[in-house]
Structures are given as structure tokens and as C-alpha cells.
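Please read the structure below before turning to the comments.
Numbering (my numbering), first residue to last: 164 to 444.
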């Protein structure tokens, strides 16, 4: 059961970063790369993570006004010719990084009906194979790519698995939060998932943080899931139904640092941190 495919939902409005996201997808916001010392859009890092995790095919789910994402991963013969003529080979190599060996496809989510609905649009792409879901506005700095960490656990448990991180209790209201039992260090068997609970309702402080390895049966559960908060079809609700109908889901506290690119404070903080080459925040 090799995980060959990844779905990257990138259709959200990015309302927390308005007004810039009125015309620029939040997934295209620049994040400083401390290795190359260059600016790359957030989704560049997500696609890199997928490929470095062994993913061969990628479906990016966009929406109206997000054509910039498709253009970024396309070739640009005019620009390439211009750079060659000027002898700008370093810059030519930079844009070559956006044209990967992996196959990248695109589909649009026509209505903002939630993450669950966006994932459902990938049903034909998944084609009855287990697949990764990688949220396009969450990027990670880690020694081992986060999706690869999950794939290793998936191969061990032969079950769907989600990435987790502990968050301060006052921030659980922004996340899906699990109730579960720790079965080995940093790995939990998930009993249920609560989407954006109050501090009083939260069963733990272990939050989902944007990476999943799922079996195709999740599509049946998404189809049966009724709209929840904000009238959206929540992937977390579908996962809770999956646990009831099909069995085990595990969660792993991942090793690495996450950047929520849709959060202005985090985006500025991390760019500053990496630009200044500071070892600690």
C-alpha cells in the first residue's frame, strides 16, 4: 500500500491576510528560505515536502482568483529565453526548481464549502489508493519531511494517520482537537475529533495541523457528512464518522516547526527569524 498521491487543498479565501489576498493567493505569500537565501511562495515548500516524501502525483485544489498557483508551476518559455539571453543562469536555475519530475494537476473548488468538500473533489484522482492530504497554507521545517513521517507510521499501523501538535489551551478554539489514547511515545489512537471546540469542551490540547494519510473510504464518509460550523463540510467530522464505520485512525505528534502562512504574526515572525539566521526564536 504505497502512498503515491497527494492532494493539496489551496482554495480558501485567506481572509486573515486581507487585503493582499484579494488578488494574491495566501499560498503564494513569500517565505524566506534560510538555505538558498531566497524568497519562495509557501506552496513551493508544500510541493517540495510531497516530493521529498516519495509522492509521485499531486493534485492542487484551487478556486477562482488563484490562477497564480497554476502559473507558478508551469513553464515560462519567454522568461527562460530572456534569462538565457542575459546570462542570468542562477535565476534560470531558480525557476527550474518549480518544474518538478512529479506530475502536478489542478482542479477548482467552485464554492467555499469547506476542507471536506475540497478533499471530496479528489475522489477520481485518488482512484481507490491511500493518499496524503497536505494543507497548502501550512508549511514545516523539519529534518524528516512531515508527510514522510506520517507515511512511515501508516506503513507500520496500516491505518489512516493524522499529524498533531500540542497547542496552548486558549488556542484550541482555532483547531480540530482529538480525544485519544497514547499507545506509544507521541502516537495516539484517536477516539474522536472535535472541530474548533471551546476551551471547556476541548478533550485535549492535541490539534490537527494540516497533514493526513487517508484511505479512500474517507470519501464515503465525506459524502455522508452534513455541513457543520460556518456551513462547511468539515474533514474532521468526516474522520469522526470514519472511525465509527471503518475503524482505526492514529495521530502522531510530528517532529518539526509549523508555520501558518495565513496568520500575519506567524508569517512575519518566521520570515524575520530565518532572514536573521537566528537559531532560536
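Virtual Cβ for every residue (Gly too), placed ideally from N, Cα, C.
Sorted by chain position, which residues of the same chain lie with C-beta nearer than 6 Å to residue i's C-beta, five sequence neighbours on each side aside?
i: residue 192; result: 205 and 424
i: residue 355; result: 342 and 403
i: residue 293; result: 164, 166 and 378
i: residue 420; result: 304
i: residue 215; result: 308
i: residue 437; result: 195 and 197
Where DSSP assigns a beta bridge to residue i, which residues make up the other side?
i: residue 297; result: 374
i: residue 170; result: 222 and 296
i: residue 266; result: 220
i: residue 423; result: 301
i: residue 165; result: Looking at the DSSP assignment, residue 165 forms no beta bridge with any residue, so it has no partner.
i: residue 201; result: 196
i: residue 271; result: 225
Quick one: grab the DSSP three-state call for residue i.
i: residue 444; result: Below a pLDDT of 50, predicted positions are generally treated as unreliable, and residue 444, at 43, falls in that range; the measurement from the model is reported next regardless. In the structure shown, residue 444 sits in coil (DSSP, three-state: anything other than H, G, I, E or B).
i: residue 399; result: helix
i: residue 306; result: coil
i: residue 284; result: coil
i: residue 194; result: strand
i: residue 206; result: helix
i: residue 406; result: helix
i: residue 435; result: helix
i: residue 414; result: strand
i: residue 227; result: coil
i: residue 181; result: coil
i: residue 257; result: helix
i: residue 188; result: coil
i: residue 234; result: helix
i: residue 379; result: coil
Measure from the alpha carbon of residue i to the alpha carbon of each residue in the options, then state which is nearest.
i: residue 380; options: 407, 314 and 361; result: 407
i: residue 412; options: 325, 185 and 284; result: 325
i: residue 220; options: 416, 317, 289 and 328; result: 289
i: residue 351; options: 415, 187 and 208; result: 415
i: residue 299; options: 198, 232 and 274; result: 232
i: residue 201; options: 189, 301, 256 and 362; result: 256
i: residue 185; options: 227, 237, 171 and 331; result: 227
i: residue 439; options: 307, 195, 169 and 170; result: 195
i: residue 237; options: 250, 217 and 265; result: 265
i: residue 371; options: 169, 357, 364 and 187; result: 357
i: residue 383; options: 409, 368, 296 and 365; result: 409
i: residue 360; options: 243, 334, 346 and 347; result: 334
i: residue 337; options: 319, 345, 346 and 362; result: 362
i: residue 178; options: 187, 172 and 349; result: 187
i: residue 349; options: 365, 364 and 312; result: 312
i: residue 126; options: 426, 435, 434 and 437; result: Any property of residue 126 remains undetermined from this structure, which presents the chain solely from 164 to 444.
Within the same chain, show all residues whose beta-carbon is closer than 8 Å to that of residue i, passing over the 5 residues directly before and after it, in chain order.
i: residue 252; result: 246
i: residue 284; result: 224, 270 and 272
i: residue 235; result: 191, 204, 206, 207 and 261
i: residue 174; result: 224, 225, 226, 229, 271, 272, 275 and 281
Sorted by chain position, which residues of the same chain lie with C-beta nearer than 7 Å to residue i's C-beta, five sequence neighbours on each side aside?
i: residue 396; result: 276, 277, 279, 280, 385, 388 and 390
i: residue 398; result: 278, 279 and 282
i: residue 309; result: 212, 303, 326, 374, 417 and 419
i: residue 401; result: 279, 381, 384, 385 and 388
Of all the CB atoms in chain D, is at least one closer than 8 Å to the CB of residue i?
i: residue 234; result: This model lacks chain D altogether; it includes just one protein chain.
Alpha helix (DSSP H) runs wholly inside the region 301-368, at least 4 long, in chain order: The region 301-368 contains these whole alpha helix (DSSP H) runs: 309-320.
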